[in-house]
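Residue numbers for the sequence shown follow my numbering, so the first one is 223 and each next one is one higher. Note that CB positions come from ideal geometry on N, CA and C, so glycine has one too. No experiment lies behind these values; they were computed from the predicted model shown. To keep things clear, I will list the structure first and then write my remarks on it.
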Amino acid sequence: VRELKDALQERDIQPADITWRGRSGFAFLRFTGPPEGCDEVLSKLNGLLLQDRPV
């Protein structure tokens, strides 16, 4: 989970909550704020790699 948090911080992405399901290979990120901010978050997540795998 540390790698995910570091990658999000590097991209200036600040979720309100992270639910980590590492054994299953996924995580839920919860955000607060206006829905208009979704496009910006998705843009920042574009191309993100964790352990050399695309997110």
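Check: Reduced DSSP secondary structure (H/G/I, E/B, other) of residue 234; Outcome: coil
Check: Where residue 230 falls, given that 16 or more other Cβ within 10 Å makes a residue buried; Outcome: buried
Check: Through-space distance from residue 251 to residue 345, alpha-carbon basis; Outcome: Here the chain comprises residues numbered 223 to 277, so residue 345 is not present and cannot be evaluated.
Check: Boundaries of the beta strand (DSSP E) in which residue 251 is found, first to last residue; Outcome: 248–252
Check: Backbone CA spacing between residue 247 and residue 268 [nearest angstrom]; Outcome: 18 Å
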